[in-house]
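To start, the structure itself, in structure tokens.
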Amino acid sequence: MHIKDNVPCYGVVGNPIEHSKSPIIHNAFSIQTGISIKYDKILTSEEYFSKTIKDFFESNGLGLNITVPFKKKAFEIIPYNNISERAKLAKAINTIWKKDNNLYGCNTDGVGLLKDINRLNFNLHNANILIIGAGGAARGVLEPLILSKPSKIHIVNRTKINAENLLNDFIHSTTIKTNLKISYGGLSETNSEKPWDIVINTTASELNGESLDLPKLTFNPKKSLAYDIMYGSNKTSFLLKAENEGALQCVDGLGMLVEQAAESFFIWHGVRPETNKVLDEIRQLISS
Ligand code: ATR
Numbered sequence: 001m002h003i004k005d006n007v008p009c010y011g012v013v014g015n016p017i018e019h020s021k022s023p024i025i026h027n028a029f030s031i032q033t034g035i036s037i038k039y040d041k042i043l044t045s046e047e048y049f050s051k052t053i054k055d056f057f058e059s060n061g062l063g064l065n066i067t068v069p070f071k072k073k074a075f076e077i078i079p080y081n082n083i084s085e086r087a088k089l090a091k092a093i094n095t096i097w098k099k100d101n102n103l104y105g106c107n108t109d110g111v112g113l114l115k116d117i118n119r120l121n122f123n124l125h126n127a128n129i130l131i132i133g134a135g136g137a138a139r140g141v142l143e144p145l146i147l148s149k150p151s152k153i154h155i156v157n158r159t160k161i162n163a164e165n166l167l168n169d170f171i172h173s174t175t176i177k178t179n180l181k182i183s184y185g186g187l188s189e190t191n192s193e194k195p196w197d198i199v200i201n202t203t204a205s206e207l208n209g210e211s212l213d214l215p216k217l218t219f220n221p222k223k224s225l226a227y228d229i230m231y232g233s234n235k236t237s238f239l240l241k242a243e244n245e246g247a248l249q250c251v252d253g254l255g256m257l258v259e260q261a262a263e264s265f266f267i268w269h270g271v272r273p274e275t276n277k278v279l280d281e282i283r284q285l286i287s288s
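Under UniProt numbering, think of the first position of the sequence shown as 1, with each following residue one higher.
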């Protein structure tokens, strides 16, 4: 890896990494804020993950984003006392930085999702929320969703026991005091007395090229938001389904990607970049 002498170096580590939009986003933030950086894509493997991180920071690197499939692994290699509460709850790290020769970690995915939902002018207060999936991504968004005071959160997952385990584990780790009852079920258990105001797909099914075996969902056609944390040039099969079943807004996770990047940028540089224009630029880029 090559680190330039005088420009602070940042990067994103994942596998695969070629498709990553993070360099474009961080370079756009850099131009916008006048903060000069070099931001690389870094490919590694399970075996070499720890060494890749160590080498980067020993070569004067200052900050890394961590993406699929290494967020849980990043959580294991950063000293526990240097991990933010958000990342402890998510048990996953997507942002690492170096300060006084120590490495620190945070998870900005949940905040990124919430910022994007706010950008869409969707009010989560008193909302009836359905979360699909019970992996790391679902864990990461749970706390900020609870803090936005919805009326209900229901989590459904292909493997029901994973949803139960996620909830039990989360309840033991969180310091949030809430009366909110969070329920769970299998993928077929999406029935609710009221229509869903927001349904968030956090599963990796699209990424694996598999179908998501969900029953018909009940949306409120005047209000409902279907949100898929995946993004791409075409609508995901979950968003196409939600559109057919009457969701008012069907939105992919590109906004979340830009917002989580803005939060990482803020951690590293102390400046929060403006995101709307950058999101428009990236949207154009992936649709062309
Ligand atoms: P991440 O950290 O990206 O969330 P993960 O922890 O591996 O990844 O979790 C992946 C999630 O996607 C899980 O909820 C998984 O369901 P299982 O717990 O049953 O494995 C879900 N998932 C993956 N492929 C799926 C598919 N084809 N249909 C439904 N859910 C799927």
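Built from N, CA and C at the ideal position, the CB exists for glycine as well.
Since this is a predicted model, take the numbers as computed values, not measurements.
For residue i, the residue or residues it bridges with in DSSP
{"i": "Gly105", "result": "Ile83 and Ile96"}
{"i": "Gly232", "result": "The partner list for Gly232 (beta bridge, DSSP) is empty, contrary to what the question assumes."}
{"i": "Gly14", "result": "Leu43"}
{"i": "Gln249", "result": "Leu225"}
{"i": "Val111", "result": "Per DSSP, none; premise fails for Val111."}
{"i": "Phe219", "result": "Trp196"}
N- and C-terminal bounds of the alpha helix (DSSP H) containing residue i
{"i": "Asn276", "result": "Asn276 to Ser287"}
{"i": "residue 294", "result": "The chain is shown from 1 up to 288; residue 294 falls before or after that span and cannot be answered."}
{"i": "His154", "result": "His154 -> not in any alpha helix (DSSP H); beta strand (DSSP E) instead, spanning Lys152 to Asn157."}
{"i": "Gly185", "result": "Gly185 -> not in any alpha helix (DSSP H); beta strand (DSSP E) instead, spanning Ile182 to Gly186."}
{"i": "Val258", "result": "Leu254 to His269"}
{"i": "Val141", "result": "Gly136 to Leu147"}
{"i": "Phe238", "result": "Ser237 to Asn244"}
Neighbour-count burial assignment, residue i, 16 or more Cβ in a 10 Å radius
{"i": "Gly270", "result": "exposed"}
{"i": "Gln284", "result": "exposed"}
{"i": "Pro16", "result": "exposed"}
{"i": "His2", "result": "With a pLDDT of only 46 at His2, under 50, the local geometry of the prediction cannot be trusted, and the value read off the model is given with reservation. Exposed, since its Cβ has fewer than 16 Cβ neighbours within 10 Å."}
{"i": "Ser205", "result": "buried"}
{"i": "Leu147", "result": "exposed"}
{"i": "Ala242", "result": "buried"}
{"i": "Asn107", "result": "buried"}
{"i": "Leu207", "result": "exposed"}
{"i": "Lys54", "result": "exposed"}
{"i": "Asp280", "result": "exposed"}
{"i": "Asp213", "result": "exposed"}
{"i": "Lys71", "result": "buried"}
{"i": "Thr178", "result": "exposed"}
{"i": "Ile42", "result": "buried"}
{"i": "Pro273", "result": "buried"}
{"i": "Tyr10", "result": "buried"}
{"i": "Asn128", "result": "buried"}
Residue i versus residue j - alpha carbon distance
{"i": "residue 330", "j": "Ala134", "result": "Past the boundaries of the shown model lies residue 330; the chain is included only from 1 to 288, so the question cannot be answered."}
{"i": "Thr203", "j": "Arg86", "result": "20 Å"}
{"i": "Thr175", "j": "Ser288", "result": "45 Å"}
{"i": "Thr33", "j": "Leu167", "result": "40 Å"}
{"i": "Leu120", "j": "Tyr80", "result": "35 Å"}
{"i": "Ser45", "j": "Phe75", "result": "16 Å"}
{"i": "Lys149", "j": "Ala138", "result": "17 Å"}
{"i": "Asn65", "j": "Ser36", "result": "17 Å"}
{"i": "Val251", "j": "Leu124", "result": "15 Å"}
{"i": "Phe29", "j": "Tyr39", "result": "11 Å"}
{"i": "residue 342", "j": "Gly105", "result": "The displayed coordinates of the chain run from 1 to 288. Any statement about residue 342 would go beyond what the structure contains."}
{"i": "His26", "j": "Ala261", "result": "7 Å"}
{"i": "Ile200", "j": "Tyr227", "result": "5 Å"}
{"i": "residue 303", "j": "Phe266", "result": "The structure shown does not extend to residue 303, since the chain is modelled only from 1 to 288, so the question has no answer here."}
{"i": "Asn6", "j": "Asn60", "result": "10 Å"}
{"i": "Ser237", "j": "Gly110", "result": "23 Å"}
{"i": "Pro215", "j": "Gly209", "result": "19 Å"}
{"i": "Leu217", "j": "Ile24", "result": "36 Å"}
{"i": "Asp116", "j": "Pro144", "result": "12 Å"}
{"i": "Val13", "j": "Thr67", "result": "6 Å"}
{"i": "Trp268", "j": "Ile153", "result": "33 Å"}
{"i": "Phe122", "j": "Leu240", "result": "20 Å"}
{"i": "Asp164", "j": "Asn191", "result": "The residue you asked about is not Asp; residue 164 is Glu in the sequence shown. Straight-line Cα distance between these residues: approximately 17 Å."}
{"i": "Pro69", "j": "Gly255", "result": "20 Å"}
{"i": "Asn126", "j": "Val258", "result": "26 Å"}
{"i": "Gly246", "j": "Pro221", "result": "5 Å"}
{"i": "Trp196", "j": "Ile77", "result": "39 Å"}
{"i": "Gly63", "j": "Asn102", "result": "12 Å"}
{"i": "Thr194", "j": "Tyr231", "result": "Correcting the residue type first, residue 194 is Lys in the shown sequence and not Thr. In a straight line, the C-alpha of Lys194 is about 28 Å away from that of Tyr231."}
{"i": "Lys88", "j": "Val141", "result": "12 Å"}
{"i": "Pro8", "j": "Leu225", "result": "39 Å"}
Start-to-end residues for the beta strand (DSSP E) that takes in residue i
{"i": "Ile132", "result": "Asn128 to Ile132"}
{"i": "Ile35", "result": "Run containing Ile35: none; DSSP gives neither H nor E here."}
{"i": "Ile161", "result": "Note, Ile161: premise wrong, no beta strand (DSSP E); alpha helix (DSSP H) at Lys160 to Ser173."}
{"i": "Asn201", "result": "Ile198 to Asn201"}
Heavy atom of the ligand FAD within 7 Å of residue i beta-carbon
{"i": "Val156", "result": "Among the ligands modelled here, namely the ligand ATR, the ligand FAD does not occur."}
Residue-level contact to chain B via CB, residue i, 8 Å cutoff
{"i": "Lys277", "result": "The displayed structure is made up of one protein chain only, and chain B is not part of it."}
- Query: In chain order, which continuous runs of the beta strand (DSSP E) of length 3 or greater are located wholly inside the stretch 51-75?
  - Reply: 61-66
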